[in-house]
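Taking it in order: structure first as structure tokens, then the write-up.
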């Protein structure tokens, strides 16, 4: 296993664009998480909005 890792690191310098660094992996992970969270927040806002509009108008006026 150690030999494989050493050979991989040696060869990876020839194709830097194809081998993600630890920083690249972290940045990609953060982007994906942020995107997933934005979707979840949007869905939650939509469901809260639907619940609010289902209330009678007299109750909605007191909420604002």
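Numbering (our numbering), first residue to last: -13 to 50.
Glycine is no exception: its CB is placed at the ideal position from the N, C-alpha and C atoms.
These numbers were taken from a predicted model, which means no experiment stands behind them.
Asked	Found
Have a look at residue 35 and residue 25 and give me their C-alpha separation to the nearest angstrom.	15 Å
Using the three-state DSSP reduction, which class does residue 4 fall into: helix, strand or coil?	coil
Work out the CA separation of residue 37 and residue 5 for me, nearest whole Å.	48 Å
Which of the three DSSP states, helix, strand or coil, is assigned to residue 24?	helix
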